[in-house]
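**Student:** Let me give you the structure first, and then I'll get to my questions.
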Amino acid sequence: MSVRNTARRLTALATAAGLTLALLMPAGPAFADAGFRQWVAGFRATAVAGGVSGAVYDQSMRGIEPDPVVLEKARTQPEFTAPAWDYFDNRVHDQSVANGRAMAKKWKPWLDRIEARFGVDRNILLAIWSMESNYGEILKRDDIMRNVIRSLATLAYGDPKRSKYARTQLIAALKILQTGDIDESHLMGSWAGAMGQTQFIPTSYQRYAVDMDGNGKRDIWNSIPDALATSANLLKKNGWQAGKTWGYEVTIPAGKLPGGAKTIAQWQTLGVVRASGKPFRNLTDKATLKVPDGTGGPAFLMIRNFSVIKAYNNADKYALAVGLLADEIAGGTGLVQDWQRPFTKLSFEERQELQKRLSEHGYYEGKFDGKIGDGSKAAIMAYQAKVGLTQDGYPSMEVLKWLRKK
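Numbering (the UniProt record's numbering), first residue to last: 1 to 406.
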């Protein structure tokens with residue numbers, strides 16, 4: 001089972017979660033959900049049969065109440081697929097690259113040891129850290145982090161589509177407490193139970209967690225060496241090939257190319273070359289051609305390590321974002337052929353400026369984090385409507401110039 005992928009696949013079923021928040025809302029000064037209390041009492045036997053001590057269960061569940069925010073998150077997860085440029089612009093940008101390079105310097109002694117032990121490229125680990133928690137910044141946000149036991153108990157009881165997943169993860173989380181690796185007050189995670197700097201679900205933590213710093217605890221929340229080593233262990237055990245890349249940006253000839261995996265040498269014979277003009281590293285590697293933005297956008301040859309990254313999250317876009325970010329952290333200059341973006345791209349700082357100016361005009365109430373989510377897009381569209389621009393919600397230089405004039 002991958003780190004977050006199980007939770008994310010279940011997220012796609014969110015709108016089918018039929019139990020409404022009304023079941024878990026207070027009927028007076030405190031929660032009065034007898035059904036939840038009965039469920040907690042009944043699940044004790046299941047947890048104990050799964051290896052959780054009765055004492056740990058009783059302590060962890062004492063006074064627990066369902067979390068209405070968790071069910072709201074489950075109910076409202078978006079189902080749409082973002083265009084390629086939208087996904088990558090929010091994850092691979094100048095700030096995430098600069099932070100990654102700074103972290104590479106800060107944690108170099110540990111990265112040296114982790115790379116030597118597991119054979120996994122340090123820049124891939126840094127990119128995963130960025131993707132999963134913005135280098136740990138998300139763990140500081142009380143509006144995102146939640147008690148893992150409470151979240152999973154809420155989903156197990158109150159979300160029919162996630163109940164099986166949540167029950168399995170809840171038992172695993174209780175076992176984490178039982179080992180003493182972390183105490184209950186610090187067992188924090190996402191609403192769906194993904195934990196720590198690199199966002200492992202409890203069962204994946206059990207399978208891959210590493211005590212890299214040697215303090216006797218596998219602490220992926222507070223120990224950066226433990227968190228990065230745990231990610232490296234997952235990749236190694238899923239077949240990471242040391243010393244090899246994840247793939248290459250390429251230029252492809254006009255006309256239709258055959259599908260399927262072929263050696264790099266065979267792709268070269270078909271007219272596929274590296275976009276950078278550099279030679280491929282190993283002509284015998286098997287690779288698959290992917291064009292995530294269609295013809296006209298960048299093209300890639302993906303080799304074995306690309307599939308290994310998908311053990312973390314089984315989505316091509318995720319694995320590609322990790323690979324592209326890792327390459328830039330390592331000193332690369334980014335894509336040769338950019339995404340087919342229907343507007344002029346903003347830098348990270350310019351996107352923060354866009355959010356700030358939208359806020360000053362009364363259209364935006366979120367954080368100035370440079371991430372263009374639903375709130376930012378809605379604010380952009382409202383402003384575009386006000387000034388007579390096409391209401392596309394794009395974080396464009398055109399919109400920023402209008403905001404600067406007003």
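Even for Gly, the Cβ is constructed at its ideal location relative to N, Cα and C.
Using CA coordinates, which residue listed in 147, 77 and 164 is at the minimum distance from residue 190?
**Tutor:** For the residues 147, 77 and 164, the minimum Cα distance to residue 190 belongs to 147.
**Student:** Using the rule of at least 16 other Cβ atoms within 10 Å of the residue's Cβ for burial, across every protein chain shown, is residue 141 buried or exposed?
**Tutor:** The residue is exposed, with fewer than 16 neighbouring Cβ atoms inside 10 Å.
**Student:** To the nearest angstrom, report how far apart residue 209 and residue 399 are at their CA atoms.
**Tutor:** Taking the straight line from one Cα to the other gives about 46 Å.
**Student:** When DSSP labels each residue in this structure, what does residue 208 get in the three-state scheme?
**Tutor:** Helix, per DSSP.
**Student:** Buried or exposed: residue 301, going by 16 or more other Cβ atoms within 10 Å of its Cβ?
**Tutor:** So residue 301 counts as buried.
**Student:** Measure the alpha-carbon distance for residue 114 versus residue 229 and round it to whole angstroms.
**Tutor:** Approximately 6 Å, taken between the alpha carbons.
**Student:** On the three-state DSSP scale, how would you describe residue 375?
**Tutor:** Helix, per DSSP.
**Student:** For the pair the region 355 to 371 and the region 301 to 317, tell me if three or more CB-CB distances fall below 8 Å.
**Tutor:** In short, these stretches do not touch, since the Cβ pair count stays below three.
**Student:** Kindly confirm or deny that the region 272 to 291 and the region 39 to 56 touch, where touching means at least three C-beta pairs closer than 8 Å.
**Tutor:** Not touching, per the Cβ criterion.
**Student:** If you drop the 5 nearest sequence neighbours on each side, which residues of the same chain put their C-beta closer than 7 Å to that of residue 391?
**Tutor:** Taken in chain order, the residues that qualify are 381, 384 and 385.
**Student:** If you scan the UniProt domain "Peptidoglycan binding-like" (349 to 403) from start to end, which runs of the alpha helix (DSSP H) of 4 or more residues do you find wholly inside it?
**Tutor:** If we require 4 residues or more, the alpha helix (DSSP H) runs fully inside the UniProt domain "Peptidoglycan binding-like" (349 to 403) come out as 374 to 387.
**Student:** Taking DSSP as the reference, what is the three-state secondary structure of residue 300?
**Tutor:** Reduced to three states, the DSSP call for residue 300 is strand.
**Student:** Threshold first: 4 residues or longer. Then list the alpha helix (DSSP H) segments lying entirely within the region 306 to 334, N to C.
**Tutor:** Within the region 306 to 334, the complete alpha helix (DSSP H) runs of at least 4 residues are 316 to 329.
**Student:** Using the beta-carbon count (16 or more within 10 Å), is residue 106 buried or exposed?
**Tutor:** By the 10 Å Cβ count, residue 106 comes out exposed.
**Student:** Give the straight-line distance between the Cα atoms of residue 21 and residue 35, rounded to the nearest whole angstrom.
**Tutor:** Any reading at residue 21 must be qualified, since the residue scores a pLDDT of 37, below 50, and its modelled position is unreliable; the value itself is stated next. Cα to Cα, the separation comes out at about 14 Å.
**Student:** Classify residue 347: buried if its beta carbon has 16 or more other beta carbons within 10 angstroms, exposed otherwise.
**Tutor:** When all chains shown are included, residue 347 counts as exposed.
**Student:** In its own chain, which residues sit with a C-beta less than 6 Å from the C-beta of residue 85, not counting the 5 before and 5 after it?
**Tutor:** Contacts found: 339 and 341.
**Student:** Check whether the Cβ atoms of residue 56 and residue 174 lie closer than 8 Å to each other.
**Tutor:** Their beta carbons are under 8 Å apart, which means residue 56 touches residue 174 by this criterion.
**Student:** Contact check, residue 145 vs residue 126 under 8 Å by CB: the rounded distance?
**Tutor:** Actually they are not in contact, since the Cβ atoms of residue 145 and residue 126 sit about 22 Å apart, beyond 8 Å.
**Student:** Alpha carbon to alpha carbon, how far is residue 334 from residue 327?
**Tutor:** One C-alpha to the other measures close to 8 Å.
**Student:** Does the structure place the region 188 to 208 close enough to the region 128 to 138 that three or more beta carbon pairs sit under 8 Å?
**Tutor:** Touching, yes, given that three or more Cβ pairs across the two stretches are closer than 8 Å.
**Student:** Secondary structure at residue 134, three-state DSSP: helix, strand or coil?
**Tutor:** In the structure shown, residue 134 sits in coil (DSSP, three-state: anything other than H, G, I, E or B).
**Student:** Please report the residue range of the beta strand (DSSP E) in which residue 247 lies.
**Tutor:** Where residue 247 is concerned, the enclosing beta strand (DSSP E) stretches over 247 to 251.
**Student:** Run through the DSSP bridge pairs and tell me what residue 407 is partnered with.
**Tutor:** Lying outside 1 to 406, the shown extent of the chain, residue 407 is not represented and no answer is given.
**Student:** Quick one: what does DSSP say residue 157 is sitting in, helix, strand or coil?
**Tutor:** DSSP places residue 157 in helix when its eight states are reduced to three.
**Student:** For residue 406, which of helix, strand or coil comes out of DSSP?
**Tutor:** Residue state, collapsed to three classes: coil.
**Student:** Hey, out of 387, 389, 388 and 362, whose CA is closest to residue 376's CA?
**Tutor:** Checking every option, the nearest Cα to that of residue 376 belongs to 362.
**Student:** Out of 336, 321, 331 and 394, state which residue places its alpha-carbon closest to the alpha-carbon of residue 354.
**Tutor:** With distances taken between Cα atoms, residue 354 lies closest to 394.
**Student:** Within 10 angstroms of its Cβ, does residue 154 collect 16 or more other Cβ (buried), or is it exposed?
**Tutor:** When all chains shown are included, residue 154 counts as buried.
**Student:** Report the option in 402, 101, 396 and 98 whose CA atom is closest to the CA atom of residue 388.
**Tutor:** Minimum Cα distance to residue 388 is reached at 402.
**Student:** Tell me whether the beta-carbon of residue 275 lies closer than 8 Å to the beta-carbon of residue 249.
**Tutor:** Yes, the Cβ-Cβ distance between residue 275 and residue 249 is below 8 Å.
**Student:** So what does residue 288 bridge to, in DSSP terms?
**Tutor:** BP columns for residue 288 point to 302.
**Student:** With distances taken between CB atoms, is the gap from residue 33 to residue 66 smaller than 8 Å?
**Tutor:** Yes, they are a contact pair.
**Student:** Is the region 252 to 271 touching the region 233 to 244 in the sense that three or more CB pairs, one from each, lie closer than 8 Å?
**Tutor:** The region 233 to 244 vs the region 252 to 271: no contact.
**Student:** Could you tell me the distance, in whole angstroms, from the CA atom of residue 270 to the CA atom of residue 404?
**Tutor:** Residue 270 and residue 404: Cα-Cα distance of roughly 49 Å.
**Student:** List the DSSP bridge partners of residue 274.
**Tutor:** In the DSSP output, where bridge partners are listed per residue, residue 274 has 250.
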